[in-house]
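If you use the working numbering, the sequence shown corresponds to residues 6 to 114, in order.
Working notes, structure below.
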Amino acid sequence: MDTRAKKRVERACKEVENLRELHDKNNPLNKSHICGAKTRQGNPCRKPPLNGRTRCRLHGALSPSDKEHYNFKSGKFTKEAFLERKKQNLSYIFFKALIDLENEIIRNS
Ligand SMILES: [Zn+2]
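Structure below.
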């Protein structure tokens, strides 16, 4: 495998690791106990978020989100759709590297 392909695979591996960390519910960094929205004073809001939400009631927890939002159209740009596209791109990179490796083995034998 050439160095460029190796680098591509390494980068993809790192990206997978990052995605795993980002969506790990046991990761203490992902559990927020404060709202964190920017206040008019410029510092983060210290109120606790509402149940199942990431913001407090003053900073958007009461307004509709996701599919209930009045601007929701196709879901093409939701977090899930974005992750799905990312996964497809990563699997393409791994698959291509595998094919390159196979071709190299065939060429050398
Ligand atoms: Zn808040």
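All C-beta atoms in this analysis are idealised placements derived from N, C-alpha and C, irrespective of residue type, glycine included.
Check: Going along the chain, which residues of its own chain have a beta-carbon closer than 7 Å to the beta-carbon of residue 38, five neighbours each way excluded?
Finding: 53
Quiz item: What are the boundary residues of the alpha helix (DSSP H) that includes residue 105?
Solution: 84-113
- For residue 60, which residues from the same chain have a beta carbon less than 7 Å from its beta carbon, with the 5 sequence-adjacent residues on both sides left out? These residues qualify, in order along the chain: 40, 42, 54, 66.
Tell whether a beta-carbon distance below 8 Å holds between residue 20 and residue 95. yes
Is residue 99 closer than 8 Å to residue 17 when the C-beta atoms are compared?
Yes.
Checklist entry - In its own chain, which residues sit with a C-beta less than 8 Å from the C-beta of residue 80, not counting the 5 before and 5 after it? => result Excluding the 5 residues flanking it on each side, residue 80 has same chain C-beta neighbours closer than 8 Å at 72, 86, in chain order.
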